[in-house]
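Here the numbering used here is used: position 164 in the sequence shown is 164, and no number is missing along the way. Using N, Cα and C, we set each Cβ at its ideal position, and we do this for glycine too. Fair warning: this is a prediction, and the values are worked out from it, not measured in the lab.
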Amino acid sequence: MAIVHIIILLATGTVSGFFGGLLGVGGGVIMTPVQDMVYTAMGVAEDITIKLAFGTSLLVVLPTAISGAWRHHRKGAVWWKAAIIMGVCTAIVAFGAATLATNLSGAGLKIAFGIIILTTGIRMLTAKLPEVEQEPRDNPWLWVAWAIPVGFVTGITGLGGGILLVPILVLALRFKIHSAVATSLAIMIFSSIGGVIGYIMNGLGIPDLPAYSIGYVHLPTWLMLSATSIGMVQVGAITAHRLPAKKIEYIFVALMFLMGLRMLGAGLGMLGIFDWPI
C-alpha cells in the first residue's frame, strides 16, 4: 500500500467519523467508495474490491458506533430499549444479507450501493421534520418491522444503516432528532456485528484477497480508518448537541451524491468524470 493510500484512508476516517457522530450515520457512505478506489489501485480483482470495502467498513462502524453512542448516552439521548430490540433484529438480517451479497457480482453490488445512496440523499433533502412534537412510538413490533429492511440494507451494501435509521426514527417512529441520532448509533453497534460476521465467514478461503485480510475484512485499512474515525465521532457527537446540523447535513448530502454517482458509474462501467485514479 502506497503512502498516498495511507494518507487518503486516514483522511477518510476523519471525515466519516465526524459525520457519524454529528448525524448518526456509520460513515460507510464515504468509506466504501474510497476503499473501492484504493483496492483497485492496489491491483485487487474487481469482483473482490467492493465486498472487501463492505466488510471492512462495517468493522470500522463497530468501534465508531460504540464511541459515538457512549458520548450520546452520557447526555441521556439513547433510548436503549428501542436500540436493543431493533439492533438484535438488524444484526440477524444483516448476517443473512451479507451472505447473499458475497454471492453476487461486484458490479451489481456497486450499482445497488449507488442507487441506495442517491435515493437516500434525495430523501434527506426533501424530508420535513414533524412540525408538532409527538411522543415516540413505544411499539416493539413496529420497531422490528422497520429493523428488517435496515438490516437487509446493512448486509447488502456494507452500510451501518444510519442513513436509513435516522429518517425512520424521526419520521416513522416520532423520535426527536437528537434522540434519533443517538439511538441510531446504538443500533449500529448490533447491525455492524451481524454484517461483519457475515463478510468474514463467507470470505474465508477466497483466493486473491490482499495480505492481512480475514475474509472480506482488510485489517490494515480497518486500522487506519478506525484510528481517525473513533476520535472524530466524539467531536461530531459534541457538535450535534451544540449546533443545528442542517447546514452540515447539506454538505453530507453533497458527498452522498458524489459518492453515489461514482459507485453507480463504476458498476455500469461508465465512470467518466467520476473516475478518480489514485
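Using the three-state DSSP reduction, which class does residue i fall into: helix, strand or coil?
i           : result
residue 217 : strand
residue 161 : coil
residue 209 : coil
residue 44  : coil
residue 33  : helix
residue 176 : coil
residue 27  : coil
residue 202 : helix
residue 2   : coil
residue 262 : helix
residue 149 : helix
residue 136 : coil
Where residue i and residue j are concerned, what is the direct C-alpha to C-alpha distance, given to the nearest angstrom?
i           : j           : result
residue 170 : residue 256 : 20 Å
residue 31  : residue 123 : 21 Å
residue 158 : residue 240 : 24 Å
residue 85  : residue 148 : 11 Å
residue 202 : residue 146 : 26 Å
residue 16  : residue 258 : 14 Å
residue 195 : residue 153 : 10 Å
residue 119 : residue 82  : 26 Å
residue 217 : residue 121 : 27 Å
residue 117 : residue 141 : 27 Å
residue 71  : residue 126 : 29 Å
residue 65  : residue 91  : 14 Å
residue 7   : residue 29  : 19 Å
residue 232 : residue 151 : 25 Å
residue 272 : residue 38  : Bear in mind that the predicted position of residue 272 carries a pLDDT of just 49, short of 50, making it unreliable; the figure below should be weighed with that in mind. About 18 Å.
residue 73  : residue 67  : 10 Å
residue 186 : residue 265 : 33 Å
residue 163 : residue 27  : 9 Å
residue 109 : residue 204 : 19 Å
residue 89  : residue 4   : 39 Å
residue 1   : residue 40  : 11 Å
residue 174 : residue 100 : 32 Å
residue 206 : residue 242 : 47 Å
residue 166 : residue 42  : 35 Å
What is the C-beta distance between residue i and residue j, in whole angstroms, given that I count them as a contact (C-beta under 8 Å)?
i           : j           : result
residue 69  : residue 198 : Not a contact, Cβ separation roughly 22 Å.
residue 263 : residue 33  : 5 Å
residue 35  : residue 11  : Actually they do not touch by this definition, with Cβ atoms about 13 Å apart.
residue 229 : residue 20  : 7 Å
residue 13  : residue 226 : 7 Å
residue 215 : residue 200 : 4 Å
Mind checking if residue i is an interface residue toward chain B, Cβ cutoff 8 Å exclusive?
i           : result
residue 160 : Going by chain labels, chain B is absent from the structure shown, which holds only one protein chain.
Residue i: which of the options sits nearest, CA to CA?
i           : options               : result
residue 136 : 78, 156, 8 and 115    : 78
residue 267 : 112, 151, 66 and 93   : 112
residue 183 : 211, 206, 218 and 143 : 143
residue 280 : 60, 107 and 47        : The structure shown has nothing for residue 280, since the chain only spans 1 to 278.
residue 23  : 265, 251 and 57       : 251
residue 211 : 5, 27, 44 and 20      : 44
residue 178 : 221, 57, 39 and 75    : 75
residue 181 : 47, 228, 207 and 18   : 18
residue 190 : 80, 14 and 50         : 80
residue 62  : 139, 200, 235 and 160 : 160
residue 260 : 114, 4, 156 and 96    : 114
residue 172 : 138, 200, 3 and 186   : 138
residue 208 : 87, 242, 48 and 1     : 48
residue 9   : 219, 106 and 175      : 219
residue 156 : 235, 222, 107 and 176 : 107
residue 103 : 87, 50, 57 and 58     : 50
residue 93  : 188, 222, 206 and 168 : 188
residue 58  : 234, 167, 222 and 236 : 222
residue 46  : 96, 105, 95 and 87    : 105
Which parts of the segment 66-126 are runs of the alpha helix (DSSP H), unbroken and 4 residues or longer, counting only runs that do not cross its ends?
-> 80-101 and 106-126
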